[in-house]
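Structure first, then comments.
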Amino acid sequence: MNPTIIHISDLHFHTYPQNYQECKSKRILGMGNLFFRRARHYPLQRAKLLVEQIHQMKWDHLVISGDLTQLSLERGFSLARETLDPLLKDPERVTIIPGNHDRYVKQSGGKDYYKQYFGEFFGDEEIHVRKLNSDWVIVGWDSAHPNDWLTASGTVRRSTIQATENLLSSFPEKTRFIVVNHYPLTFPEGWEVDHFHELYNLVPVRNWILRHPNIRLYLHGHIHRNWQHRLSRDSAPELLLLNSASSTSRLHPGQKSSFHQIELAGDKMNVSPILLK
1 MNPTIIHISD LHFHTYPQNY QECKSKRILG MGNLFFRRAR HYPLQRAKLL
51 VEQIHQMKWD HLVISGDLTQ LSLERGFSLA RETLDPLLKD PERVTIIPGN
101 HDRYVKQSGG KDYYKQYFGE FFGDEEIHVR KLNSDWVIVG WDSAHPNDWL
151 TASGTVRRST IQATENLLSS FPEKTRFIVV NHYPLTFPEG WEVDHFHELY
201 NLVPVRNWIL RHPNIRLYLH GHIHRNWQHR LSRDSAPELL LLNSASSTSR
251 LHPGQKSSFH QIELAGDKMN VSPILLK
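Every letter in the sequence shown is one number past the one before it in UniProt numbering, and letter 207, counting from 1, is 207.
Rendered as structure tokens:
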């Protein structure tokens, strides 16, 4: 079987705070951004159209690489779960990791609404693991955590790297791996990298992945601009990196892709950009 993956990201389901307690800390900034700009770019109907389009496609596994919500409010997670439900009937066929907007602020009482509404699509271990077939395995990372007011960075924990290292060594050498993480490892040419918006440990994480040639594909979101990048390795297969953010936003002039379909055929990865019209 040649498995087919649908990769979407940064859906940003949004609701507004209903009381003073929900307006705490950086949600004040996020609420202003939502009201004056982002809400117009993310009408709920776009998300419903995305679900309908994917539901009609043939695929074996769905990957959502973070930012299900805008302000990490419980009603936002509830709306996301309700809207995405037609695609989530079989948790074995779905991988969902959190993004920085899903851990926007520290929740009172230690609540984690991402885990409450979508935890079954990651699991309780340090890393998420799904075996697609005898050749390909998905590994999901959780690098999102609350930040201060003007920061949106993430961190891949040492325990995450160690767990992934152990996993890779437990499979036959021919096995190929797909890492799913919210944050990018590469950027378009000329892009000004904002170190308060990306992985704190971006360079060591990228170098670690490049040292493991059986990691062939890296799926992410975070920056709302679809792209396909490749990083070469010495005497080893290149690393393909796909950004599928943002899959539900209104189209920008000249936009050609909202998300990606990936067919895994033996050692090959056939990628098709898909536009949500």
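Where is the CB? At the ideal position from N, CA and C, for every residue including glycine.
Limits of the alpha helix (DSSP H) - the one that residue i falls within
| i | result |
| --- | --- |
| Ser169 | 158–170 |
| Trp208 | 202–210 |
DSSP bridge partner residues for residue i (one or two, in chain order)
| i | result |
| --- | --- |
| Leu68 | DSSP lists no partner for Leu68. |
| Pro273 | His260 |
| Trp136 | Arg176 |
| Leu219 | Val180, Leu242 |
| Ala265 | Lys268 |
| Lys131 | Val137 |
| Leu231 | Leu239 |
| Leu251 | Leu251 is not bridged to any residue. |
| His61 | Ile5 |
| Gly190 | In the DSSP output, where bridge partners are listed per residue, Gly190 has none listed. |
| Gly154 | Leu199 |
Cβ shell of residue i (< 7 Å), same chain only, five flanking positions each side left out
| i | result |
| --- | --- |
| Leu150 | Phe196 |
| Lys106 | Pro146 |
| Leu84 | Val51 |
| His55 | Pro86, Leu87 |
| Leu168 | Phe177, His212, Asn214 |
| Thr175 | Asp135, Val137, Asn214 |
| Val193 | Phe187 |
| Val271 | Gln228, Leu242, His260, Ile262 |
| Gln53 | Leu276 |
| Ala47 | Leu11, Phe13, Thr83, Thr248 |
| Asn201 | Thr155, Val156 |
Expected contact under 8 Å - CB spacing of residue i and residue j to nearest Å
| i | j | result |
| --- | --- | --- |
| Ser247 | Ile8 | 4 Å |
| Glu126 | Ser159 | 5 Å |
| residue 278 | Pro184 | Any answer about residue 278 is impossible in this case: the structure gives the chain only from 1 up to 277. |
| Val205 | Val156 | 5 Å |
| Leu275 | Ser257 | 6 Å |
| Asn260 | Pro273 | The sequence as given places His at residue 260; Asn does not occur at that position. That belief holds up - the Cβ atoms of His260 and Pro273 are roughly 6 Å apart, short of 8 Å. |
| Gly254 | Asp135 | Wrong, their Cβ atoms sit about 36 Å apart, outside the cutoff. |
| Pro172 | Trp227 | About 32 Å; that fails the 8 Å criterion. |
Beta-carbon spacing of residue i, residue j below 9 Å
| i | j | result |
| --- | --- | --- |
| Phe13 | Leu50 | no |
| Tyr113 | Asp124 | no |
| Gly99 | Gly76 | no |
| Leu240 | Phe177 | no |
| Pro3 | Asp90 | no |
| Val180 | Val137 | no |
| Ser244 | Asp10 | yes |
| Thr164 | Trp141 | yes |
| Glu92 | Arg130 | yes |
| His222 | Glu198 | yes |
Range covered by the beta strand (DSSP E) that runs through residue i
| i | result |
| --- | --- |
| Asn226 | It is not in any beta strand (DSSP E) - Asn226 carries neither H nor E in the DSSP assignment. |
| Gly76 | Not the beta strand (DSSP E): Gly76 falls in the alpha helix (DSSP H), residues 74–84. |
| Ile54 | Ile54 -> not in any beta strand (DSSP E); alpha helix (DSSP H) instead, spanning 44–55. |
| Gly115 | It should be noted that the sequence gives Lys, not Gly, for residue 115. It is not in any beta strand (DSSP E) - Lys115 instead sits in the alpha helix (DSSP H) that spans 113–118. |
| Val94 | 94–97 |
| His7 | 4–8 |
6 Å CB neighbourhood of residue i in its chain, flanking five on each side removed
| i | result |
| --- | --- |
| Ile96 | Ile64, Phe118, Phe121 |
| Met1 | Asn133 |
| Lys115 | none |
| Val94 | Leu62, Leu88, Phe121 |
Neighbourhood of residue i by C-beta, 8 Å cutoff - its chain only, sequence neighbours within 5 removed
| i | result |
| --- | --- |
| Gln230 | The amino acid at residue 230 is misidentified as Gln; the sequence shows Arg. Contacts found: Glu238, Leu239, Leu240, Leu241. |
| residue 286 | Within the shown structure, residues of the chain are numbered from 1 to 277, placing residue 286 beyond reach of any answer. |
| Arg233 | Leu210, Pro213, Leu239 |
| Pro43 | Arg250 |
| Ile161 | Val205, Trp208 |
CB contact below 9 Å: residue i versus chain D
| i | result |
| --- | --- |
| Gln56 | As a matter of chain content, chain D is missing from the structure shown, which is built from one protein chain. |
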